[in-house]
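Numbering (the UniProt record's numbering), first residue to last: 1 to 481.
Quick reminder that beta carbons are idealized off the backbone N, C-alpha and C, glycines included.
This structure is a prediction, so every number in the text was calculated from the model and none was measured.
Down below is the structure, laid out as structure tokens.
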């Protein structure tokens, strides 16, 4: 009975409940804990609590009424300069104004590779973000607008400028493993990377001494200097930095300690570009090289990006831009070898398509492409093609090795190609072309070279009795002095 009485007294009456509802402001109601069985001190605490709640409710009610009436003369809250905006500006008094600083949008607006101030804008936006916060290179989930803007600008610059592309393709080959050989097989920089390094130096030298020395050259020098600092030698780095300091660049351009950061950002940009591609191709998917249109000038930039991603590819790019041999061992060995074959031949096909497109549109490229293809084809002799014969990947093996040698003939590999053709039972060029056309086979650049290589191999009658892949073949009569 006592507990029921206490409960009845604790429950608010109708007028009290109505008053409580009227004191509800903004959908929030104040509740007061009251124990009728408590001491006198408890009642004082309750009255104090009620007073505080009532004061807060009164202030909220007054503020709500004031808001309904609108601005009043002499009010501190609304004593602001008149604005043409229709939205209330009262909150402006309570928002701290950020310090004045250049906006990224201004630096990113209306930028093209032909703009003479492109270098200053690119370096300025990179420097601003480096100064504001540490650039997180290793964060695979980095999606900030600033970082995405920098990567977008770098991609545009590298695919639009021939000089910068030459340096970028060299950087993309930093960790390139053409044949998927174990790391223990590398004692020094490979011949392909050495050739690209020399071509990059020549391209930069020509640009610096040219009439447009204040164009994109500073970015190219910065990238090459950053690479030498991290992967090259100190002497070369100092030479590049000396050239960097003599160029006419903005005063707030990248400092020396940020040069390596720009290099890391570029390598991470390659990895991110590869990682954004789907791992599962839909039915009927055409490889980018197979859909190339040489008549469109925009195809040059598209091919350059494909070339950069091909050169930077590694099976473990999802885990970082540096290869992980320990993870490669977990993949299917035959599939991995087939992927290395596809990558190798795409580098050559992309190169000749790019040269064709640049010649068609009058774009000068000083790189010795044919010499580079010969070095690349020579390196591909270690692709372990024989492991793919008589497997589901044997057509890929034949396509890649035959196209590689047709674009840059390597006479020492002629006998090997003949053995492969006999092993897969290819007896005519029509039969061979049927296999080649199943993959990337642009006729404008491959038909004549492939036919010429087939005629050069000329399965001579004295060779036809040797059908075993591992049986040594005699020298053709036509080649005997």
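In the three-state reduction of the DSSP assignment, residue 153 falls in the helix class. Pairing residue 389 with residue 423 gives a Cβ-Cβ distance under 7 Å.
The straight-line gap separating the alpha-carbon atoms of residue 452 and residue 428 is approximately 13 Å. Within the stretch 373-447, the runs of alpha helix (DSSP H) at least 4 residues long that lie entirely inside it are, in chain order, 394-407, 414-423 and 429-436. Between the alpha carbons of residue 235 and residue 167 lies a gap of roughly 19 Å. By the criterion of a C-beta distance shorter than 8 Å, residue 391 is surrounded in its chain by 334, once the five residues flanking it on both sides are discounted. Taking C-beta atoms as the reference points, residue 159 and residue 304 count as a pair closer than 7 Å.
For the stretch 273-329, the continuous alpha helix (DSSP H) assignments of 4+ residues that do not extend past its boundaries occur at 298-312 and 325-328, in sequence order. Between the alpha carbons of residue 176 and residue 295 lies a distance of about 31 Å.
By the CB criterion at 7 Å, residue 173 and residue 311 fall inside the cutoff. Within the same chain, and ignoring the five residues on either side of residue 396 in sequence, the residues whose Cβ sits closer than 6 Å to its Cβ are 338 and 341. Sorting 239, 289, 438 and 386 by C-alpha distance to the C-alpha of residue 419 places 386 at the top.
By the beta-carbon neighbour count (other beta carbons within 10 angstroms, threshold 16), residue 282 is exposed. Boundaries of the alpha helix (DSSP H) harbouring residue 163: 162-172, taken from the DSSP string. Counting C-beta atoms within 10 angstroms of its own C-beta, residue 438 has fewer than 16 neighbours from the protein chains shown and is therefore classed as exposed.
Judged by DSSP secondary structure, residue 219 falls within the alpha helix (DSSP H) whose first and last residues are 217-230. Non-local beta-carbon contacts of residue 202 in its own chain, meaning distances under 8 Å to residues more than five positions away in sequence, involve 366 in chain order. Taking C-beta separations shorter than 7 Å and ignoring five residues to either side along the sequence, the partners of residue 352 in its chain run 407 and 445, following chain order. In this structure residue 227 does not touch residue 269 by the C-beta definition: roughly 14 Å separates them, more than the 8 Å allowed.
Shown here, residue 371 sits in a helix according to DSSP, grouped into three states. Residue 405 and residue 377 have their alpha carbons spaced roughly 7 Å apart. Under the criterion of beta carbons closer than 8 Å, residue 289 and residue 440 qualify as touching, at roughly 5 Å. Counting every other CB atom within 10 Å of its CB across the protein chains shown gives residue 231 a total below 16, marking it as exposed.
Between residue 220 and residue 164, the C-beta spacing is below 7 Å. The three-state secondary structure of residue 361, taken from DSSP, is coil. Residue 156 and residue 237 have their C-alpha atoms some 26 Å from each other.
Residue 222 is not a Cβ neighbour of residue 169, given a cutoff of 7 Å. A straight line joining the alpha-carbon of residue 370 with that of residue 435 spans about 25 Å. DSSP, reduced to helix, strand and coil, places residue 332 outside both helices and strands of the structure shown, so it counts as coil.
Here the alpha carbon of residue 356 sits roughly 26 Å from the alpha carbon of residue 277.
In the three-state DSSP reduction, residue 264 falls in the helix class (H, G or I). The beta-carbon separation of residue 300 and residue 350, rounded to 12 Å, does not stay under the 8 Å limit for a contact. Annotation for residue 240: the continuous alpha helix (DSSP H) segment containing it runs 234-246. If you draw a straight line from the Cα of residue 362 to the Cα of residue 372, it is about 21 Å long. Within the same chain, 271, 274 and 275 come within 7 Å of residue 317 by CB-CB distance, once the 5 residues on both sides are set aside. Here residue 358 is buried. Its C-beta has 16 or more other C-beta atoms within 10 Å.
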